[in-house]
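First comes the structure, then the notes that go with it.
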Amino acid sequence: MGPSSNGSSAARSLSVAMPQPESGSASDATSRQRTVARLLEEVGAGRREALDDLVPHVYDELRALARRQRRRWRGNETLDTTALIHEAYLRLVDQTAPRWSSHPHFLAVASRAMRQVLLDYAKRQHAAKRGGARMQVSLGAVEESVLARGEPGDPRPEALLAVEEALCRLERHDQLHARVVECRFYGGMSIEETAEALGTSPATVKRKWAFARAYLNRELTA
Amino acid sequence: MTSDETADETPDRWRRVEEVVSEALERDPSDRAAWLDAACAGDPELRREAASLLAAHDRPGPLDQLAAEVAPLFGRVRGQDTTQDAPERVGRFRIGGRVSDGGMGVVYHAVDESLGRTVALKFLQARYHADDSAARRFRREARTVAALEHPNICTVHEIGETADGRLYIAMPLYDGETLDQRIERGPLAVEEAVQIAVQIARGLAKAHAAGVVHRDVKPSNVFITTDGVVKLLDFGIAKLADAALTATGGEGPIGTVAYMSPEQARGEAVDARTDLWSLGVVLYEMLAGRRPFTGDAAAVVLDAIQHARYVPLAEQRPDVPPALASIVDVALSRDPAARQQSTAALEHDLLALGAGTPSARPPVTRPRRALLVALAVSAIALTAAAVARSGRSSQPRAAALTAATVPTPSRSLAVLPFIDLSGASADRYFGDGLSEEITTALGRIEGLRVAARTSAFALRDRALDVRQIGDTLGVDAVLEGSVRRAGHRLRVTTQLVDAHSGMRIWAGAYDREDADVLTVQDEIAGAIADALELRLRVHEGTPRVRSTTNPEAYDLYLRALQLRTDLSADGLQRATDLLDRAIELQPDFALAYAAKASVLEPRVLFRQIPQQEGLSATRAAIDHAFALDPRNGEAHVARGILQLFWEWDWAGAERSLRRAVALDPNNAHAWHHLGNYYRAMGRLDLAADARLRGLALDPLNARLRAALGEEYFYGGRWDDALAALQRAAQLDPLHPILLGRANAAVGPGRVYLAQGREADGVRDLLRVAALRGASADEIDALRTAYRTGGVHGFWRAWLAMDRRQSGPSMDPLRVAALSALAGDTAQALTWLERAYAERNPGLIFMRTDPSYASLRSNPRYRRIERAMRFPPR
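Shown next as structure tokens:
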């Protein structure tokens, strides 16, 4: 695919060109990669909390990529999450810790980041639709029409927001439910992968997922 | 209000809800309600909450839809994208997001811009290119499947290729989920699993009959729409991958090899029976929640398929009836010859479980054979009833020689050339002509595929047994026969043989004058239709949702349905009794309630039971039926009848009846009443169409045939009317419609009179009078009345006879119609007003029935017509 692979190689050359010490700013790609690699090792060594520490790094990486991407697309907010996350993966995992790339722990982190990215996207789309008049000033007709339509097959912003809202309610009652939903729904992880990532049994994941899915479906239908 | 806003939503409360829901999910779905009652005793709020979550669990919801949209995002991230990217546009399709990844390709959302519809566009993996011979074969097969048009086969809109030679298939985008998504939520209720398997079998049977083997039956290729309709996906695609999978020693994904038959796993040639195995695996997985053959790698799974024993279903799932477990065991025979020999046979076995299979405890232990016998007995009873009915005919009819053996669903048959045993002549014209005529006559029966004459005749002189013929022609049954001529006598013997078992399904012998050869042909076709119609009805009409687990109740139900077509007081009374007994045996037998409504209502109509009492019993039965199963076509018919005949709610009647035929297009009864609706609206063309639809399903239904004759008569199509009425009279000369007991007589006599052929008309009406049991004196009186008073005088005398025979309960509307025919306008209007005062249901046809033609300009007539609030024509 054209734009994203160009972007990905541009980003890679950028990170190689500007090495920074590990204590450098959070926006710096290379230091982030090192942090990620260290945190992954810690997870591998059994420190489960390191997973939670990973999330902001992955997310920051995604946002940085998104900013570059948007500049390239001149304000077009159409979701290209596939490209974004794929790039984030390439940068954070493939380059630094290839053996982690399909590891359930990391998939769980990415799933959580995906939830956040989709939420951001949904909020922007939603706001753009509401403030249609203001947007018209800053966007050309083409971008406006793309924005209003979205691409067929992109998740619907309203539905994503509704899921988030219901998921937050669920999360208040039981964190594990929300983690399972992240892995299964946002990350497409199997029952077994989810169980391994969350350090619990497949049976528990199955049960939690069945309940959470029923709950969310019901809340979204109401 | 969301649940966390309720005052009592404490953490404990929340945990309790989750606990109850989780435990309920571990139980068999049929037990859940009872279990919830016990677990939530004294806490209705908890029960409500848990029940609503369980309901949400059992069906696909918004989250699942959204998951399909999110899936492509992470699929891409995780490197699950195995195809090239889709172009933005292919032909007239604008391509959007990805819907899913199938084993053989990737599915995209797309908009067909020329038709403005949304479709699913599936691209085959890049390695299958349009110029491969395999791809060509696939395309040919896909076209064959596209032409099949079966409700359980996913429609293919189009097969095409991109500019760079990649194949794609355009198909409808259904709402729902695939079976593997459903299974992931846990094992299915026994009844649900059987219903799904039956639909898979039906789709496969249709494809097999056309010579197409699916080869990749697995849960991800079984789509279940939100209406519960199964759509089989990806016919023939597996063939493309076959070479790849087997050549590499089965390096395919485990999800695909797990459903392969042993012969497929070995890379051998496969036939339709490979699909039976795969269906067996799917059925096992639906019930057990796990596959019978598993392993860490494809090669291990393939080995298990060929050598390992699977854990018996009964150990996985104790509530699976032994009969069902044995169906799975037979399908999972390693030797293809030991499996069911057709998908139709498998479907039949599943339906024989009791159409819905037992869900109530204790588990039914009745062995499969007993169930089959119960069905066979009911089939025999029906055949006997059909024969008894035809036996009343004034013409000599054939004696049924046999009606035995287990009924096998036969949806396709071949008619072999009849052998001429007369000996003297070498020419075959007679036997050939006979078979050809029968082939043509059978071809008119909807739902029955008849092998073309050319192919059936091609087998002549080849020493093949019936099974080989069945295999060669791809048919379920073979009709063979012989004819012997001696002088002017003609003897035709014929038998219908099941091509799978070699057993005789039906046989008949006909002794006639040779001049009657044409009627013999029709009779044979009719008798076969009758014999097969039973089977078609058993299968097609079998309820989707809730049926009976009780073969005795089902048998009673079938017998009641048969009696329903006979509108006599006695027949309807007996049908009501049979249904009451069926309901007693099986109190949640939704179909029996709907059928009960459909026999109670005509009893009210024919004044066999008091109106108010009868109608409220009818309404109660309808409500019961809807409560048990809102998608019950019969219940919609019954409601439509109430709305049409008794409530004069035209819009409501149209809605109900159209819904009924949409839900169950194979319900002849529904078509009949949709015809009544159109007749009431004066749309005679549509009414006739509806009757014809019904007759295609139920060709021997005298009531439908007579009603069709009425339609043609009302519309002035004399020849068509005569043909239909005469045919109806052959089917059942004593049918109330034909005897003028339902409305003013509409036998052929009325048609002759309308044509001005008075002598013919009177003669035919005298025949009808005799059939009604008029004495010789009465018939003389009618004849005299005509001689002295003309047609008016004749009708006056007829009315007098009818009043004597019917007594005080005679339908005032019939008095009105006959008075009008007799030219007694004032008397006709008086009785018409009486009919209106009692809300006589026959009034709905007042605009159409020519009996009232002489009254139409009268203001009293028009007042009533206005009061009926017919929609403008």
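Just so you know, the protein sequences line up as chains A and B, in that order. 145 is the number that the working numbering gives to position 84 of the first sequence; each next residue is one higher, with no gaps. 662 is the number that the working numbering gives to position 522 of the second sequence; each next residue is one higher, with no gaps. We put the beta carbon where it would ideally sit given N, CA and C, even for glycine.
For the region 254 to 276 of chain A, residues whose beta-carbon sits nearer than 7 Å to a beta-carbon of chain B comprise R268, A271, F272, R274, A275 and Y276.
For A/H118, none of the residues of chain B pass the 8 Å Cβ criterion, the least Cβ distance being about 16 Å. The beta carbons of B/L313 and B/V259 sit about 6 Å from each other, so the pair counts as a contact at 8 Å. Selection B/L490, B/V353 and B/A861 evaluated against B/L464 yields B/L490 as nearest (Cα-Cα).
For B/H813, there are no C-beta contacts with chain A under 8 Å, since the nearest C-beta of that chain is about 35 Å from it. DSSP places B/D917 in the uninterrupted alpha helix (DSSP H) bounded by A916 to S946. Looking only at B/I235, B/G182 and B/A828, the smallest Cα-Cα distance to B/Y248 is reached by B/I235.
In this structure B/L718 touches B/A700 by the C-beta definition: roughly 4 Å separates them, less than 8 Å.
L168, A171, S172, M175 and L179: these are the residues of the region 164 to 182 of chain A whose beta carbon lies less than 8 Å from some beta carbon of chain B, given in chain order.
Taking each of B/G429, B/D443 and B/A428 in turn and checking the Cα distance to B/G435, the smallest one comes out for B/D443. Residue environment analysis places A/C229 among the exposed positions, since fewer than 16 neighbouring C-beta atoms fall within 10 angstroms of its C-beta. The Cβ of A/R279 sits closer than 8 Å to at least one Cβ of chain B.
Of the other Cβ atoms in all chains shown, 16 or more fall within 10 Å of the Cβ of A/S92; this residue is therefore buried. Three or more beta-carbon pairs separated by less than 8 Å are not found between the region 344 to 355 of chain B and the region 313 to 332 of chain B, which leaves the two stretches without contact. For B/S162, the chain A residues whose C-beta falls within less than 8 Å of its own C-beta are R268, A271 and F272, listed in chain order. B/A554: member of the beta strand (DSSP E) spanning S552 to V555, first to last residue. With at least 16 other beta carbons inside 10 angstroms of its own, B/D616 counts as buried. If you check each beta-carbon in the region 183 to 195 of chain B against every beta-carbon of chain A, the ones closer than 9 Å belong to S192, L193, L194 and A195. Chain order gives no chain A residues near B/A345, where near means a beta carbon separation below 9 Å; the closest approach is about 34 Å. Taking 8 Å as the cut-off, the beta carbon of B/T318 is found closer than this to the beta carbon of B/P359.
Of B/R406, B/V422, B/I467 and B/L453, the smallest CA-CA separation from B/H447 is found for B/R406. Inclusion of B/L878 and B/G887 in the CB contact set at 8 Å is warranted, their separation being smaller than that value.
Secondary structure note for B/D320: its alpha helix (DSSP H) is the uninterrupted segment L319 to E324.
Counting C-beta atoms within 10 angstroms of its own C-beta, B/S418 has 16 or more neighbours from the protein chains shown and is therefore classed as buried. For A/A220, the chain B residues whose C-beta falls within less than 7 Å of its own C-beta are P202 and L206, listed in chain order.
DSSP places B/V362 in the uninterrupted beta strand (DSSP E) bounded by V362 to T365. Neighbours of A/T282 in chain B, taken as residues whose beta carbon is under 8 Å from its own, are A196, G201 and P202 in chain order.
The closest CA to that of B/R798, considering only B/T366, B/I781 and B/W788, is found on B/I781. A/Q177 and B/A722 have their C-alpha atoms spaced approximately 58 Å apart.
Against chain A, the beta carbon of B/L165 has neighbours under 7 Å at A271, listed in chain order. B/D168 and B/D177 have their C-alpha atoms some 15 Å from each other. Judged by DSSP in its simplified three-state form, B/Q726 adopts coil rather than helix or strand. Counting along the chain, no beta strand (DSSP E) covers B/M426; the unbroken alpha helix (DSSP H) around it starts and ends at R413 to A428. For A/V224, the nearest CB of chain B lies under 8 Å from its own CB, placing it at the interface with that chain. With three or more CB-CB distances shorter than 8 Å, the region 978 to 991 of chain B counts as touching the region 952 to 964 of chain B. The C-beta of B/D859 has fewer than 16 other C-beta atoms within 10 Å across all chains shown, which makes the residue exposed.
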